[in-house]
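Everything on this sheet refers to the single structure shown next.
Numbering (the numbering used here), first residue to last: 2 to 172.
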């Protein structure tokens with residue numbers, strides 16, 4: 002029969018082995034107009050089908066909002082220091098989150114209800130958590146048509162919110 006110490010040791014090892022290697026990424030989203038004002042969080046989690054994006058946002062205008070991964074991990078200067086959409090293969094094409102010919106920065110638009118809350122998850126099938134480090138997330142004032150026509154970069158309008166995903170620290 003195992004004594005108490007051995008049971009604790011076995012339980013500890015079993016717990017460590019069942020813990021995922023990668024933790025979810027949760028970032029705080031801030032208003033572009035008032036960079037100290039938190040609008041909530043977004044959590045990114047790997048899934049069998051891609052990257053699940055779980056917003057927990059408040060204080061946004063109702064309707065659909067374009068959301069993108071941007072090149073740099075910065076939100077200053079009205080979100081402009083975030084740079085352009087994340088495009089590691091230099092496709093220079095804005096074709097949406099499901100088209101494999103376009104850049105990787107396009108995410109599915111988020112829905113904001115009449116109370117200003119966004120809580121419904123979306124799926125980015127071409128991304129994984131590891132792709133997110135060292136970038137920023139920008140939310141636009143309007144919806145995204147995933148095209149460069151009639152307006153470039155989806156026509157989502159002004160940048161209204163931003164979150165930084167810092168570079169991953171490895172030891």
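Where is the CB? At the ideal position from N, CA and C, for every residue including glycine. Since this is a predicted model, take the numbers as computed values, not measurements.
Measure from the alpha carbon of residue 122 to the alpha carbon of each residue in 80, 112, 107, 95, then state which is nearest. 112
Residues in the same chain with beta-carbon distance under 7 angstroms from residue 159, minus the five sequence neighbours each way, listed in chain order, please. 141, 142
Roughly how many whole angstroms lie between the Cα atoms of residue 73 and residue 117? 27 angstroms
Residue from 28, 101, 148, 79 whose Cα sits closest to the Cα of residue 89: 101
Residue environment, residue 108, which counts as buried when at least 16 other CB atoms sit within 10 Å: buried
Outcome for residue 50 when other beta-carbon atoms lying within 10 angstroms are tallied against a minimum of 16: exposed
Determine the DSSP secondary structure at residue 57, reduced to helix, strand or coil. strand
Beta-ladder partner(s) of residue 99, from DSSP: DSSP lists no partner for residue 99.
For residue 131, which three-state DSSP category applies? helix
Excluding the five sequence neighbours on either side, which residues of its own chain have a C-beta within less than 6 angstroms of the C-beta of residue 27, listed in chain order? 42, 44
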